[in-house]
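Counted the way the UniProt record's numbering counts, the sequence shown spans residues 1 to 299.
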Amino acid sequence: MSRDIQSESTFKAWGFLLVLALIWGSSFILIKRGLEVFSPGEVGAFRIVAAGLFLLPLSLPRLKNLNKRQIKNLITVGMVGSFIPAFLFAKAQTQLSSALTGVFNAMTPLFVVIIGALFFNSKITKRNALGLLIAFVGVVILLTVKEGVGFGSFTDINAYAFFVLLACACYGLNLNIIKFRFVELKPVAITAISLTMVLPLALIYLFSYTQFSFKLLHVEGAVIAAGYIAILGVVGTALALILFNVMVKVATPVFASSVTYLIPIVAIMWGLLDGEQLLAGHYLGIAAVIFGVWVGNRK
């Protein structure tokens with residue numbers, strides 16, 4: 001009987017893993033579709049609005065039980081874990097393919113290690129350092145690959161990739177804050193409440209400082225594009241984070257973190273299906289990034 005329960009848990013864990021990889025790996029093509037009509041700021045803000053409104057019923061009953069320290073930390077989590085990255089990814093994809101953005105996003109676990117060592121007294125092991133070095137080489141390759149000449153010089157670097165790396169650094173800071181400063185709150189509550197904290201800011205920006213409402217009413221294809229962003233916010237941000245927290249309970253954290261290696265594969269598949277082209281040097285850089293992340297995080 002115990003074997004049956006164990007095999008069922010394993011099956012569920014793999015199911016969660018594949019669904020999450022598909023959801024998060026598809027985020028980048030959804031951003032691309034949103035950018036066909038809306039500006040990066042509009043895409044980022046509406047993504048937060050959609051996710052925040054969806055999770056509002058979960059967060060509101062919990063607000064009254066928070067103390068000042070928790071509120072301060074939750075605002076920080078909302079900013080660095082959701083709000084700022086949403087804008088950075090949208091800005092990056094104005095000049096980066098969705099496939100490459102998905103690959104750069106795989107650097108998040110290594111930024112968790114770096115931020116933890118710099119600000120939270122965590123240690124970088126030799127394995128972490130080796131993984132960082134390999135992944136860094138992969139990033140350099142991806143930054144300098146140029147069509148027709150193989151590898152360009154550092155003056156040919158696509159600076160928009162640094163928006164993605166900055167977003168990964170935000171995620172790294174966010175995960176360390178959750179790990180070291182939140183003990184009493186469950187991950188689902190942290191996600192829901194932190195999004196509620198930044199929801200007013202996203203609403204004010206979206207409807208007071210952008211042309212989102214005008215475009216939605218007057219620009220052809222705007223409703224469909226907004227639909228893609230809404231899916232990104234509700235499914236790719238809100239539901240996916242809840243699903244990830246459930247998966248961590250069913251499986252181990254190490255198994256759950258392996259979704260990091262599948263997300264770039266899904267992002268690349270969507271990119272290729274959408275007509276994006278990757279050069280031979282890109283595949284070399286992609287392999288180095290994924291291998292470096294694996295080396296740096298394997299147990």
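Just so it is clear, CB atoms sit at the ideal spot from N, CA and C, and this is done for glycine as well. All of these numbers come straight from a predicted model, not from anything done at the bench.
Taking the alpha-carbon positions, what's the E42 to P200 distance? Here the question's residue 42 lines up with position 42 in the sequence shown. Here the question's residue 200 lines up with position 200 in the sequence shown. Taking the straight line from one Cα to the other gives about 15 Å.
Euclidean distance between Cα positions of I134 and T108: Here residue 134 corresponds to residue number 134 of the sequence shown, with the count starting at 1. Here residue 108 corresponds to residue number 108 of the sequence shown, with the count starting at 1. Each residue's Cα considered, the two are about 14 Å apart.
Could you tell me the boundaries of the alpha helix (DSSP H) in which Q70 lies? On the sequence shown, position 70 is the one that residue 70 refers to. Residues 68-78.
Taking only the alpha-carbon atoms, compute the straight-line gap between V37 and G227 and give it to the nearest angstrom. Start at 1 with the first residue of the sequence shown, and residue 37 comes out as number 37. Start at 1 with the first residue of the sequence shown, and residue 227 comes out as number 227. Spanning the two alpha carbons is a distance of roughly 12 Å.
Straight-line CA distance for L74 to S194? By 1-based counting over the sequence shown, the position of residue 74 is 74. By 1-based counting over the sequence shown, the position of residue 194 is 194. Whole-angstrom Cα-Cα distance: 5 Å.
Give me the Cβ distance between A90 and T101, rounded to the nearest whole Å; I'm assuming they're in contact under 8 Å. Numbered from its first residue, the sequence shown carries residue 90 at position 90. Numbered from its first residue, the sequence shown carries residue 101 at position 101. The distance from the Cβ of A90 to that of T101 is about 10 Å, inconsistent with a contact at the 8 Å cut-off.
Please determine, among A129, V289, S39, L55, the residue with the shortest C-alpha to C-alpha distance to G236. The residue labelled residue 236 in the question sits at position 236 within the sequence shown. It is L55 whose Cα lies nearest to the Cα of G236.
Whole-angstrom distance between G25 and T94, CA atom to CA atom: Here residue 94 is taken as the residue at index 94 of the sequence shown, counted from 1. Here residue 25 is taken as the residue at index 25 of the sequence shown, counted from 1. The alpha-carbon separation between T94 and G25 amounts to approximately 18 Å.
For the stretch 164-171 against the stretch 75-86, are there 3 or more C-beta pairs whose distance is under 8 Å? Contact holds: three or more Cβ-Cβ distances are below 8 Å.
Return the first residue and the last residue of the alpha helix (DSSP H) that E42 is part of. Residue mapping note: residue 42 aligns to position 42 of the sequence shown, counting from 1. Element bounds for E42: 40-63.
What is the C-beta distance between L30 and I229, in whole angstroms, given that I count them as a contact (C-beta under 8 Å)? Position 30 of the sequence shown, counted from the first residue, corresponds to residue 30. Position 229 of the sequence shown, counted from the first residue, corresponds to residue 229. Contact between L30 and I229 holds, with the beta-carbon distance rounding to 7 Å and staying under 8 Å.
Alpha carbon of A267 to alpha carbon of L20, nearest angstrom: For the purposes of this step, residue 267 is taken as residue 267 along the sequence shown, with counting starting at 1. For the purposes of this step, residue 20 is taken as residue 20 along the sequence shown, with counting starting at 1. Here the alpha carbons of L20 and A267 stand approximately 12 Å from one another.
Identity of the residue in G116, A117, V103, N176 nearest V140 by Cα: Start at 1 with the first residue of the sequence shown, and residue 140 comes out as number 140. Out of G116, A117, V103, N176, V103 has the C-alpha closest to the C-alpha of V140.
Look up V103 in the DSSP assignment and give the residues it is bridged to. The residue you call residue 103 lines up with position 103 of the sequence shown. Listed as beta-bridge partners of V103 by DSSP are no residues whatsoever.
Verify whether the separation of the beta carbon atoms of G281 and V137 is less than 8 Å. Counting from one through the sequence shown, the residue named residue 281 turns up at place 281. Counting from one through the sequence shown, the residue named residue 137 turns up at place 137. For the 8 Å CB-CB criterion, G281 and V137 do not form a contact.
Nearest-angstrom Cα separation, counted from P61 out to F28: Along the sequence shown, read from residue 1 onward, the residue named residue 28 stands at position 28. Along the sequence shown, read from residue 1 onward, the residue named residue 61 stands at position 61. In a straight line, the C-alpha of F28 is about 32 Å away from that of P61.
Measure the alpha-carbon distance for L35 versus A222 and round it to whole angstroms. Numbered from 1 along the sequence shown, position 35 holds the residue referred to as residue 35. Numbered from 1 along the sequence shown, position 222 holds the residue referred to as residue 222. Answer to the nearest angstrom: the Cα atoms are 10 Å apart.
For the alpha helix (DSSP H) containing T196, name the first residue and the last one. As a position in the sequence shown, residue 196 is number 196, starting the count at 1. It spans 187-208 - the alpha helix (DSSP H) in which T196 sits, taken as one unbroken run.
For the alpha helix (DSSP H) holding Y283, just list the boundary residues, first then last. Within the sequence shown, the letter at position 283 stands for residue 283. In this chain, the alpha helix (DSSP H) harbouring Y283 covers 280-297.
If you run the structure through DSSP and keep just helix, strand and coil, what is V145? Numbered from its first residue, the sequence shown carries residue 145 at position 145. In this structure, V145 counts as strand in the three-state DSSP scheme.
Residue range of the unbroken alpha helix (DSSP H) whose run includes I124: As a working note, residue 124 is residue 124 in the sequence shown. First-last for I124: undefined, no H or E at that position.
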